[in-house]
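**Q** Position in the sequence shown (from 1) plus 46 gives the number in my numbering. My questions will all concern the structure given below.
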Amino acid sequence: MEERIKVIQNNGVPAHIAIIMDGNGRWAKKRALPRVAGHHEGMKVVRKITRLANKLGVKVLTLYAFSTENWKRPKSEVDYLMKLPEEFLGTFLPELVDENVKVQMIGDRTNLPSHTIAAIDKAIHDTKNNTGIILNFALNYGSRAEILHAVQHVLKDINNGILKEEDLSEQLFSNYLMTHDLPDPDLLIRTSGEIRLSNFMLWQLAYTEFWFTNVLWPDFKEVHLLEAIEAFQSRSRRFGGLQSEE
Ligand code: FPP
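In structure tokens form, the structure reads like this:
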């Protein structure tokens, strides 16, 4: 594994990896466990993958922890998911601080329970001066809502004379998104065999490489992250242009 890590590090590690962590429910069902047991196991995987990504030199890891559509789930499951950040950070925050991880969040804070926000805000505060990997939780996040909100903000700035319509560019528009301080993801991973984006970072993923696996998130191991990055490294990214040797 160490040798494999070294080779990966020499081949250009993706700066930003985004993950749609899917399959927790199916993992639990296969074991005749309640769905929330899958979420709990998935939480432990978050820790392992964050550590490895940090070690590899990944700069940003964005994890889709709760989508705006997830409110449709039974209240008991939603309540459990809303307690996970507290449990995760309650257990692992000291370790994240030690390992130089910087916690951030994207998503709509307004509907989140105050106990969830309090846990996240404490983590953001306690890690704000860290310079290692950014662990960015997408919590109550929906990409269309994010884009719509950005458009409203742009219009407001134009109406107030803060922004000139002719100055609006892709780069400038990106500054109005929740990811304004982050580079676009280089690599998107989705687990559990689903091949869709589910309203995740639609603007930001325009040129991202996608990697899908049938592995359920609670079964996702370090080796799967290495596999995904190796696949990424074997692809040629042209951003719509031609390869330099063509
Ligand atoms: C999708 O699986 C997963 C989620 C909706 C929740 C993801 C959350 C975690 C992995 C834990 C987050 C950890 C922290 C630290 C906040 P699913 O329930 O849709 O699975 P299924 O498709 O098999 O039903």
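We put the CB at the ideal spot given by N, CA and C, even for glycine. Only a predicted model underlies this, so the values are computations on that prediction, with no experimental measurement involved.
1. What's the call for Arg257, buried or exposed, on a 16-neighbour Cβ count within 10 Å?
2. What are the boundary residues of the beta strand (DSSP E) that Val59 is part of?
3. Please identify the residue among Tyr126, Asn100 and Ser280 whose C-alpha is closest to the C-alpha of Arg81.
4. Would you mind working out which of Ile163, Pro159, Ile65 and Asp230 sits nearest Lys121, comparing C-alpha positions?
5. From the DSSP secondary-structure annotation, give me the bridge partner or partners of Met151.
6. Considering only residues of the segment 72-142, which uninterrupted alpha helix (DSSP H) runs meet the minimum length of 4 residues and lie entirely inside it, listed in chain order?
7. Could you give the first and the last residue of the continuous beta strand (DSSP E) run that contains Phe256?
8. So what does DSSP say about Leu262, is it helix, strand or coil?
9. Go to Arg242, then tell me how far its beta strand (DSSP E) extends in each direction, as first and last residue.
10. Give every residue of the same chain whose Cβ lies closer than 7 Å to the Cβ of Leu130, excluding the five residues on either side of it in the sequence, and list them in chain order.
11. By how many angstroms is the C-alpha of Ala274 removed from the C-alpha of Ala165?
12. Applying the criterion that 16 or more other CB atoms from any shown protein chain within 10 Å of the CB defines a buried residue, is Glu48 buried or exposed?
13. Taking a cut-off of 5 Å, which residues have a beta-carbon closer than that to any heavy atom of ligand 1, in chain order?
14. Please say whether Leu185 and Gln107 have beta carbons closer to each other than 9 Å?
15. Let's test the definition: count the other Cβ atoms within 10 Å of the Cβ of Leu142 and tell me whether it reaches 16, buried, or not, exposed.
16. Between the C-alpha atoms of Arg77 and Ile66, what's the straight-line distance to the nearest angstrom?
17. Do Gln279 and Asn57 come within 9 Å of each other at the CB atom, strictly closer than that value?
18. Determine the burial state of His62: buried for a count of at least 16 other Cβ atoms within 10 Å of its Cβ, exposed for fewer.
19. Contact check, Phe183 vs Leu109 under 8 Å by CB: the rounded distance?
**A** Reading it off the structure:
1. Reading the sequence shown from its first residue, position 211 is the one you call residue 257. The amino acid at residue 257 is misidentified as Arg; the sequence shows Trp. A residue is called buried when at least 16 other Cβ atoms come within 10 angstroms of its Cβ; Trp257 meets this threshold and is buried.
2. Locating residue 59 in the sequence shown gives position 13, counting from the first residue. Taken as a continuous stretch (DSSP letters only), Val59 belongs to no beta strand (DSSP E), as it is neither H nor E.
3. Walking along the sequence shown from the start, residue 81 turns up at place 35. Minimum Cα distance to Arg81 is reached at Tyr126.
4. Counting from one through the sequence shown, the residue named residue 121 turns up at place 75. The option with the nearest alpha carbon to Lys121 is Pro159.
5. Position 105 of the sequence shown holds residue 151. The partner list for Met151 (beta bridge, DSSP) reads Phe183.
6. 81-102
7. Walking along the sequence shown from the start, residue 256 turns up at place 210. Glu255 to Phe258 is the extent of the beta strand (DSSP E) around Phe256.
8. Numbered from 1 along the sequence shown, position 216 holds the residue referred to as residue 262. It is coil, neither helix nor strand.
9. Here residue 242 refers to the residue found at position 196 of the sequence shown. Where Arg242 is concerned, there is no enclosing beta strand (DSSP E), given that its DSSP letter is neither H nor E.
10. Along the sequence shown, read from residue 1 onward, the residue named residue 130 stands at position 84. Within the same chain, Leu130 has close Cβ partners His85 and Met89.
11. As a position in the sequence shown, residue 165 is number 119, starting the count at 1. As a position in the sequence shown, residue 274 is number 228, starting the count at 1. The alpha-carbon atoms of Ala165 and Ala274 are separated by roughly 31 Å.
12. Taking the sequence shown and counting its residues from 1, one reaches residue 48 at position 2. Glu48 is exposed by the Cβ-count criterion.
13. Met67, Asp68, Gly69, Asn70, Gly71, Arg72, Gly88, Met89, Val92, Ala111, Leu130, Pro131 and Phe134
14. Taking the sequence shown and counting its residues from 1, the one referred to as residue 107 is at position 61. Taking the sequence shown and counting its residues from 1, the one referred to as residue 185 is at position 139. The residue you asked about is not Gln; residue 107 is Leu in the sequence shown. Contact: no.
15. Counting from 1 along the sequence shown, the entry for residue 142 is found at position 96. Note on Leu142: 16 or more other CB atoms within 10 angstroms of its CB, so buried under the neighbour-count rule.
16. In the sequence shown, residue 77 corresponds to position 31, counting from 1. In the sequence shown, residue 66 corresponds to position 20, counting from 1. Approximately 22 Å between the Cα atoms of the pair.
17. Stepping through the sequence shown from its first residue, residue 57 is reached at position 11. Stepping through the sequence shown from its first residue, residue 279 is reached at position 233. Going by C-beta atoms, Asn57 is nearer than 9 Å to Gln279.
18. In the sequence shown, counting from the first residue as 1, residue 62 sits at position 16. By the 10 Å Cβ count, His62 comes out buried.
19. By one-based count along the sequence shown, residue 183 stands at place 137. By one-based count along the sequence shown, residue 109 stands at place 63. At roughly 6 Å, the Cβ-Cβ gap stays under 8 Å, so Phe183 and Leu109 are in contact.
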